[in-house]
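**Q**
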Amino acid sequence: MMNNKLHTQNQNALRLLLNEDLYLIAERKTEVQVLPDLSDNAIVSSIQEIEPTGLVPQTPEQAPEEKSISETISFNYLGENNKYFLILLSDPTHTTLNPKHKEMILKIMGAKGMELRDLAILNLSHYPDVSFHQLKKFFSPSRITLFGTDPEKIALNGIKLNSPKKISETWILSTYSLGTMTDDVLKKKEFWNLMKGF
Numbered sequence: 156m157m158n159n160k161l162h163t164q165n166q167n168a169l170r171l172l173l174n175e176d177l178y179l180i181a182e183r184k185t186e187v188q189v190l191p192d193l194s195d196n197a198i199v200s201s202i203q204e205i206e207p208t209g210l211v212p213q214t215p216e217q218a219p220e221e222k223s224i225s226e227t228i229s230f231n232y233l234g235e236n237n238k239y240f241l242i243l244l245s246d247p248t249h250t251t252l253n254p255k256h257k258e259m260i261l262k263i264m265g266a267k268g269m270e271l272r273d274l275a276i277l278n279l280s281h282y283p284d285v286s287f288h289q290l291k292k293f294f295s296p297s298r299i300t301l302f303g304t305d306p307e308k309i310a311l312n313g314i315k316l317n318s319p320k321k322i323s324e325t326w327i328l329s330t331y332s333l334g335t336m337t338d339d340v341l342k343k344k345e346f347w348n349l350m351k352g353f
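Residues 156 to 353 in this note's numbering are what the sequence shown lists, from first letter to last.
(1) In the DSSP assignment, find the alpha helix (DSSP H) that holds Lys-351 and state where it starts and stops.
(2) Which same chain residues, not among the five before or five after Lys-388, have their C-beta less than 8 Å away from its C-beta?
(3) Using the Cα positions of Leu-274 and Val-285, report the straight-line distance between them to the nearest angstrom.
(4) Leaving out five residues before and five after Pro-207 in sequence, what residues of the same chain have Cβ atoms less than 6 Å from its Cβ?
(5) Less than 8 Å between the CB atoms is what I'm expecting for Tyr-232 and Leu-277, so what's the real figure, rounded?
(6) Using the C-alpha atoms, what's the distance from Phe-287 back to Ala-310?
(7) Using a Cβ-Cβ cut-off of 6 Å (strictly less than) and excluding sequence neighbours within five positions of Leu-316, which residues of its own chain qualify?
(8) Compare the beta carbon distance of Ser-295 and Tyr-239 with 8 Å and say whether it is the shorter of the two.
(9) Compute the Euclidean distance between the alpha carbons of Glu-235 and Ile-242, then round it to the nearest angstrom.
(10) Is Leu-271 closer than 8 Å to Leu-244 when the C-beta atoms are compared?
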């Protein structure tokens, strides 16, 4: 029987011959014998390995998996965030929100034509180290209102009280706490005048 070495660059032949997993082989020589069946449907080959060395499976190099901020932190909040309006407040005595303050927020937002499902209401007292960047990544807000919370707590500098400012395509309004507005009608009116157009 004649011993023929196969030398081809034909893509179809290579696909039929090389249909196994690829391995990284150091200085390995192979001989391929092809039986004389020339039909397209049947190419039978046997590979004899000469001087086999340690085989190491070759897998594509994978970059270290980067976790996005939204995967590494999750928030317990009220609402469904349907209109990307994030309300931030600090209430250490309640898990989410004082029921009276919740009612007040819903009345304010109801006057703007919004319901609880349109909002995301987050109690920041349970997330002391959260940043604006993390909130933006998780909630994708177009507007944020901070009730009685210093914007610097979420790494936002240069935000003045009752002076809306746009940062990274998000409008931010820092205002009085809900408790302060309950007790002071003038502050409540000042806030509402801003909120109507916010």
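The C-beta atom is built at its ideal place from N, Cα and C for all residues, glycine as well.
**A** Reading it off the structure:
(1) 340 to 351
(2) Residue 388 cannot be examined here, being either before or after the span of the chain that is shown, 156 to 353.
(3) 19 Å
(4) Residue confidence is low: Pro-207 scores 46 on pLDDT, short of 50, so the model does not pin down where it sits. Its coordinate-derived value is still stated next. Cβ within range, chain order: n/a, list empty.
(5) 4 Å
(6) 6 Å
(7) Ser-329
(8) A contact, by the Cβ cut-off of 8 Å.
(9) Taking C-alpha positions only, Glu-235 is separated from Ile-242 by approximately 12 Å.
(10) no
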